[in-house]
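Residue numbers (the numbering used here): 46 to 323.
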């Protein structure tokens, strides 16, 4: 006897889609007793809900989920990528424009890193973009102190083990030497905590500047430090393959007709005749 699939979606997923928090944060809010369903406080995220259920968070009714939106943000150095910091340091949310709705970051950039950070209002989209299975390449401009050769980075290209932790192969290009520093372009697909800094230290290089310039198909471009730019909805949906995206163009393959070997060869064309010099 087969069990019926519960209707609706898990409560944490619904909260994430409504932009309340990421799915993990929503689960913590539920366990803290901040969420009610149909007037009853719940303490476990193991609950499916439908559109008919009345949900409140901190006593406020859950708003209807907004369409997914995505922004590019040029994160400056010196800001923490979190809503609150235990040490009282400034976060990116202290500096974002007030006109922006409640957003979540896609991944992180550490305090001293700068460059492209994606922001979204949708917890489900955030999770999709962060999944390792997405495998998007993230590119960085990296300045290291020292005079490396191209061979210095061979261990990183092959994949390196640091303190028992296996790092996937990186793309590393030595661009130029600038005084006591060298500039590199580095591409990674995992985005572990301080991955590039730790990897460079392992080959004797200290990073003194790190700028993320792209995240998958999304580019930092000419966006100035501290600026935010929304990605056009159609572009976002096309790039991410979301429902409603423009389907890929389908073209019929040209049919090649075989020439009859017994047919007479074509004579010179009128165009060929006109090119002859008289």
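All residues carry an ideal CB built from backbone N, CA and C; glycine is no exception.
Check                                                                                                         : Outcome
Residue 139 (DSSP reduced to helix, strand or coil)                                                           : helix
Separation of residue 286 from residue 113, as counted between CA atoms                                       : 13 Å
CA nearest to the CA of residue 264, picked from 129, 228 and 162                                             : 162
Cβ-based neighbour list, residue 194, same chain, cut-off 8 Å, excluding 5 preceding and 5 following          : 219
Any 3 or more C-beta pairs closer than 8 Å across the stretch 151-159 and the stretch 125-139                 : yes
Own chain, CB closer than 6 Å to residue 281, minus 5 neighbours either side, in chain order                  : 115
Where residue 227 sits in the DSSP three-state scheme                                                         : strand
Pick from 187, 94 and 120 that is closest to residue 137, judged by C-alpha positions                         : 120
Every unbroken beta strand (DSSP E) within the stretch 210-276, with a cutoff of 3 residues, ordered by chain : 216-223, 226-233, 251-260 and 273-275
Residue 165 versus residue 196: straight-line alpha-carbon distance, rounded                                  : 39 Å
Residue interval of the beta strand (DSSP E) (run including residue 120)                                      : 115-120
The stretch 237-250 touching the stretch 94-110, judged by at least three CB pairs closer than 8 Å            : no
Nearest-angstrom Cβ-Cβ length linking residue 160 and residue 273, presumed shorter than 8 Å                  : The Cβ separation is near 13 Å, so there is no contact.
Alpha-carbon to alpha-carbon, residue 106 and residue 212                                                     : 44 Å
C-alpha gap between residue 204 and residue 183, whole angstroms                                              : 16 Å
Anticipated Cβ contact below 8 Å, residue 189 with residue 227, distance rounded                              : 5 Å
Secondary structure, beta strand (DSSP E): runs of 3+ residues fully inside the stretch 59-124                : 80-82, 100-102 and 115-120
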